[in-house]
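Following: one structure in structure tokens, then a few remarks.
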Amino acid sequence: MTHDYMYVFECDYGSRVKERSFIKDLLKEFDKDYATMIGAVVNNNPYCLSFSIAVNLQGDPVKFESWLREKYPDKVKRHNIFLKDTFNYNVQTFIDDFMVDLVLTEEGGNRLFIFPEKNAFEKANPQYECMKRNESKVFISHSSKDKELIVNPLNAYLQANDIATWLDSYEIDYGDNIYLKVNEGIENSDVGLFILTDHFFDSASGWPMTEFSTFFMELMKNNKKVLMLNAGVSPENMHSMMKAYKYISWKNGAGLPEVANAIKRVISA
Numbered sequence: 001m002t003h004d005y006m007y008v009f010e011c012d013y014g015s016r017v018k019e020r021s022f023i024k025d026l027l028k029e030f031d032k033d034y035a036t037m038i039g040a041v042v043n044n045n046p047y048c049l050s051f052s053i054a055v056n057l058q059g060d061p062v063k064f065e066s067w068l069r070e071k072y073p074d075k076v077k078r079h080n081i082f083l084k085d086t087f088n089y090n091v092q093t094f095i096d097d098f099m100v101d102l103v104l105t106e107e108g109g110n111r112l113f114i115f116p117e118k119n120a121f122e123k124a125n126p127q128y129e130c131m132k133r134n135e136s137k138v139f140i141s142h143s144s145k146d147k148e149l150i151v152n153p154l155n156a157y158l159q160a161n162d163i164a165t166w167l168d169s170y171e172i173d174y175g176d177n178i179y180l181k182v183n184e185g186i187e188n189s190d191v192g193l194f195i196l197t198d199h200f201f202d203s204a205s206g207w208p209m210t211e212f213s214t215f216f217m218e219l220m221k222n223n224k225k226v227l228m229l230n231a232g233v234s235p236e237n238m239h240s241m242m243k244a245y246k247y248i249s250w251k252n253g254a255g256l257p258e259v260a261n262a263i264k265r266v267i268s269a
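Start counting the sequence shown at 1; every next residue gets the next number (UniProt numbering).
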């Protein structure tokens with residue numbers, strides 16, 4: 001007795017040509033009596049463009065699973081998508097390599113894909129390029145107690161001056177490992193900007209000093225830069241290691257241009 005086994009693989013509508021080799025390998029490796037259907041399922045709704053490859057098997061799926069694990073271990077399977085769910089979409093079954101090349105093209109406007117691939121579309125229409133997020137260059141270390149009055153206005157000013165920052169409010173989400181995310185932010189940033197207030201040295205919150213220690217170790221290894229913003233710290237709270245640096249004064253926000261200029265000089269050096 002034979003049984004049907006259904007596999008649906010999630011693909012990128014905007015980069016579909018790269019899937020030609022996968023489909024051709026499927027056609028080459030498995031005959032039509034075993035892989036009874038190898039096809040593309042496409043949704044051309046611009047609000048939820050999607051492209052999947054569906055494979056229906058008859059017979060022992062272990063052979064297919066083993067092949068998949070060996071040749072395409074990173075292929076993403078879609079779960080709980082049933083064959084009946086595909087009836088409303090554009091579906092194309094493949095029988096040979098020629099059909100694969102005919103349908104999976106960079107250009108749009110064929111029976112299956114209305115829109116071209118992402119790169120081809122953006123090249124022809126640069127005004128529609130996706131807005132890209134700039135990589136963070138400046139790690140802002142601070143006490144959460146200074147967020148509202150100092151850190152948020154500072155970050156907004158740096159954003160207005162095209163300086164990409166790493167700030168925990170935007171980089172750490174619920175469920176994230178805080179230690180790993182902070183460490184990642186430090187490793188990927190070129191500059192550490194430390195907002196020095198008495199809150200920064202509050203022993204009840206060890207994060208700011210931990211961040212400073214970690215950044216200082218990274219500085220020694222990877223030539224990172226440190227900037228200190230004195231926003232009203234008491235002299236007795238200053239650590240001796242920090243006293244070696246020249247500070248920028250906050251001055252109730254009047255020092256913002258100096259902060260931005262210093263960061264730009266450091267990054268471009």
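Glycine included, C-beta positions come from ideal geometry on N, C-alpha and C.
Source: prediction; values computed, not measured.
Fill in: One or two residues paired with S249 in a DSSP bridge
S249 pairs with N230.
Discussion item. Please list the terminal residues of the continuous alpha helix (DSSP H) segment that includes A160.
Written reply: A160 -> alpha helix (DSSP H) spans N152 to A160.
Worksheet item: Counting pairs of beta carbons, one from the region 45-58 and one from the region 7-26, are three or more of them closer than 8 Å?
Response: Counting Cβ pairs under 8 Å, three or more are found: they touch.
Discussion item. So, under 8 Å CB-CB, W250 and L229 are touching, yes? Tell me the CB distance rounded to an integer number of Å.
Written reply: That pair is a contact at about 6 Å.
Worksheet entry | Sequence-distant residues of its chain with Cβ nearer than 7 Å to V76 (five each side left out) | Only residues of its own chain outside the window of five on either side were considered, and among them F9 and E10 have a CB closer than 7 Å to the CB of V76, listed in chain order.
Practice prompt. Please specify which runs of the beta strand (DSSP E), each continuous and at least 3 residues long, are wholly inside the region 42-79, giving them in chain order.
Written response: Within the region 42-79, the complete beta strand (DSSP E) runs of at least 3 residues are 50-58.
Worksheet item: What span of residues does the beta strand (DSSP E) with L193 cover, start to end?
Response: From DSSP, the beta strand (DSSP E) with L193 extends over V191 to L196.
Fill in: Pair within 8 Å by beta-carbon distance, I195 and I140
Yes, these two residues count as a Cβ contact at 8 Å.
Fill in: Nearest residue (CA-CA) to Y89, options G39, S15 and D33
Here the closest residue by C-alpha is G39.
Discussion item. Starting from residue 271, trace the alpha helix (DSSP H) in both directions and tell me its first and last residue.
Written reply: In the structure as shown, the chain starts at 1 and stops at 269, and residue 271 therefore has no counterpart that could be examined.
Worksheet item: Excluding the five sequence neighbours on either side, which residues of its own chain have a C-beta within less than 7 Å of the C-beta of E171, listed in chain order?
Response: Excluding sequence neighbours, E171 sits near K181 and G185.
Fill in: Ranges of the alpha helix (DSSP H) found wholly within the region 95-132, counting only runs of at least 4
DSSP runs (the alpha helix (DSSP H)) wholly in the region 95-132: 97-103 and 118-124.
Worksheet item: How far does the beta strand (DSSP E) with N90 in it reach, from first residue to last?
Response: For N90, the enclosing beta strand (DSSP E) starts and ends at N90 to T93.
Discussion item. Taking the beta strand (DSSP E) that E10 belongs to, which residues open and close that run?
Written reply: Note, E10: beta strand (DSSP E), D4 to C11.
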